[in-house]
Each structure stands twice: as structure tokens, then as C-alpha cells.
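Structure record follows, encoded as C-alpha cells.
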Amino acid sequence: MRSSILAAAPRCLWALGLLTWLPDVAAAVTPNVNVVNFTPASGRYRLFAVDSADVGPAWEPYGHVLFHGERNSLSITAGDHTEWVVHSHTFADINVGVGLWGFMSLDVGLPVAMTMESDPDTTSVSPLSGGGLGDMVVRLRGTPLSSKGGGFGVGLSLGATIPTGDGDRFRGDPSAGLLANVVLDHQWSIVRLSANVGTRIRFESATFHTAEFGSELTFGLGTLVEVFDRRLGLAIEITGRTPFSDFMGSLESTSLEIMLGPRFWVVDGLALELGLGTGLIQGYGTPEFRFVTGVSWAPSIPVVTR
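Under the working numbering, think of the first position of the sequence shown as -17, with each following residue one higher.
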């Protein structure tokens, strides 16, 4: 009898701790919050989420339909017990845009959530499921210095997030936000190296459990190698983010992930692509596994001669 009581004691203590912790969680999930870290870049001059400096030709349309999904991107931990609140999340990202005056472009993107599932064993919050919308993104890009002919390039982008997403399913912020990005790249014949540094400004922060989602620094670095007369591109990139309120302060709030894969131009302007990735530092919203695949349309580019 005594051994049975001793065996049950740790479970009782864990349950008591969970009961005292649950009210905080319930209060935390009330605000809308968007934990989705991945927004596909748009147009011809890009990798997966990393932009390159150049934009498309004037008045030429471009767009994509990219399907991307993530596994185990948001968890709750109480003691030794961990539950995956976002066990899987799958989107169709729809983007359309147009080149402006040869040195600018404007595009609009809308992520449509197709599926979402919490861990079946989730008890700390009500298990989540179903599709819906994410936050719309409107973005204006410009190219002060082009690298189309080889050498260095500089790009700038300014955008806004519009709160169209389902915040109670972790894909919508409570208010609009601002996106700004500086792009530096260099083109060597068939190789392009691109670096991005920017910010995501949330005009209204949100809290979930112990995590605060506010304004943050974003960054990325990637390279693209194009072979077979530029019909096939091989890309690899590393992207990350960290909040200004806890700058590089913890592994929970800072994210870093890697993605790589091919892009094949079926005909001039029409491409099929595939990317696979994983979280190197799995902060809030960064998954254990990520994939992206789909089709894109973008005007063809001149061949680099040097």
C-alpha cells in the first residue's frame, strides 16, 4: 500500500502543478497571435524566404502558388511534460505582383491555411484543428543598385501585414504590422549570394504563456546556383529572427532555420520548386521540419555575361 502511494505521489505533484499553471495559459491564449515564421519571397529574384536585390521588368506580372507545411512549431512545457500545441500546419500561399518602372515592384500575398492539428495528447489548451486564413502581406520593393549584369546589388523593401488571420489558431496578429528589409547581393556568373537584414514591427504585441510576440529583428543569408543554361536552380538559405525585447536572450525566443532545394524552369517564366528545411534553433514558431513546393510565374531574365 505504501509503495503504491509513493509511486502515485509524483503524478499527483505534476497534476497539482499543472492545475496552478493552467489559468495562466488560459489567460495567455486570449489575445490573437501569429507564430508563423515563414513567408515565401516573391518574384524571380529570390530563394525561398530570402530576397535578392533585383525586381522584375516593368509592367510584367508575376506570382506563385506555393504549398508549405511545418511540423512541431509551438509547444507548451510544464515541468518535464511537453505538449505540441501546433503539431502540424499546412498553407497554400497565393501571391500576385507586378514590376513597376523597371526598378520597383508591388505584390500581395495571402496565406490560406489548409490544415492544422494540435498534438492528440494536448490537455493544457483545447486542441486546435481546421483551415482558415493567415495575415495578408502587401509589399513594395525597389532596386537602388542592380546586380543583373554581375557584381554587387542593393535592394530595399517596405511592407505591411494586414490582420486577416485567425489569431485564435496562431496565424493572425491582433493588429497591422510593418515589414522593412535591406538586401545586399553579389552575382558571379551562375552563382548569386544574397543577404537580408530587416525588422518586423508589431503595433500591438501579444502574449502566449511565457512568450511575448512583439517587434523583432529578421535576417537571412542564402545562395543560388543556376545550371543547365539556367533551367535548374539549386538554393540553400539560413533565416532567423530575435525579439528586440529579449535580443538573442534565449533559445525559446530566438529562431534559426535552414532550407534547401531545387527550382526547375519548365518553360521560360514557369517554374516548379521544392524545399526542405529544419529548425537549427527552434524558438517559438520554428518547426522541427518544414517543406515548400509549388509553381511560380516570373518573367525571364537576361544571361549574366561576366
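For glycine and all other residues, C-beta sits at the position ideal for the given N, C-alpha and C. The structure displayed is predicted, hence computed values, not measured ones.
For residue i, I'd like the list of residues in its chain whose CB is within less than 6 Å of its CB, leaving aside the five on either flank, ordered along the chain.
{"i": "S197", "result": "I183, R184, F226"}
{"i": "A(-9)", "result": "For A(-9), the pLDDT reaches just 45, beneath the cut-off of 50, and the residue's location in the model is therefore unreliable, leaving the point undetermined."}
{"i": "F312", "result": "Shown here, the chain extends from -17 to 288; a query on residue 312 therefore has no answer."}
{"i": "E255", "result": "R245"}
{"i": "M118", "result": "L92, I144, T146"}
Using the rule of at least 16 other Cβ atoms within 10 Å of the residue's Cβ for burial, across every protein chain shown, is residue i buried or exposed?
{"i": "P43", "result": "exposed"}
{"i": "L262", "result": "exposed"}
{"i": "G231", "result": "exposed"}
{"i": "E239", "result": "buried"}
{"i": "T358", "result": "Any property of residue 358 remains undetermined from this structure, which presents the chain solely from -17 to 288."}
{"i": "L206", "result": "buried"}
{"i": "E270", "result": "exposed"}
{"i": "A9", "result": "Caution is warranted here: a pLDDT of 36 is assigned to A9, below 50, making its placement in the model unreliable, and no coordinate value can be reported."}
According to DSSP, is residue i helix, strand or coil?
{"i": "G135", "result": "strand"}
{"i": "G202", "result": "strand"}
{"i": "R182", "result": "strand"}
{"i": "S303", "result": "This structure cannot settle anything about residue 303, because the visible part of the chain is limited to -17 through 288."}
{"i": "R151", "result": "helix"}
{"i": "D228", "result": "helix"}
{"i": "F49", "result": "strand"}
{"i": "R26", "result": "coil"}
{"i": "V78", "result": "strand"}
{"i": "M109", "result": "Position check: residue 109 holds Pro in this sequence, whereas Met was assumed. In the structure shown, P109 sits in coil (DSSP, three-state: anything other than H, G, I, E or B)."}
{"i": "E42", "result": "coil"}
{"i": "H69", "result": "strand"}
{"i": "I144", "result": "strand"}
{"i": "A9", "result": "Its pLDDT being 36, under 50, A9 is placed unreliably by the model, and the measurement read from it follows with that caveat. Reduced to three states, the DSSP call for A9 is helix."}
{"i": "V289", "result": "Only positions -17 to 288 of the chain appear in the structure, and residue 289 is not among them; the question remains open."}
{"i": "N16", "result": "strand"}
{"i": "G84", "result": "coil"}
From the beta carbon of residue i, is the nearest beta carbon of chain C less than 8 Å away?
{"i": "P126", "result": "As a matter of chain content, chain C is missing from the structure shown, which is built from one protein chain."}
Once the 5 residues before and after residue i are set aside, which same chain residues still bring their CB inside 8 Å of it?
{"i": "E186", "result": "D155, P156, S157"}
Could you pull out every residue in the same chain whose Cβ sits closer than 7 Å to the Cβ of residue i, ignoring the five residues on either side in sequence?
{"i": "A280", "result": "G25, R26, G38, Y44, G251"}
- Query: Are the segment 84 to 103 and the segment 51 to 70 touching, with three or more C-beta to C-beta distances below 8 Å?
  - Reply: yes
- Task: Go through the segment 203 to 278 residue by residue and report every complete run of the beta strand (DSSP E) that reaches 3 residues or more, in order.
- Result: 214 to 225, 237 to 249, 252 to 263
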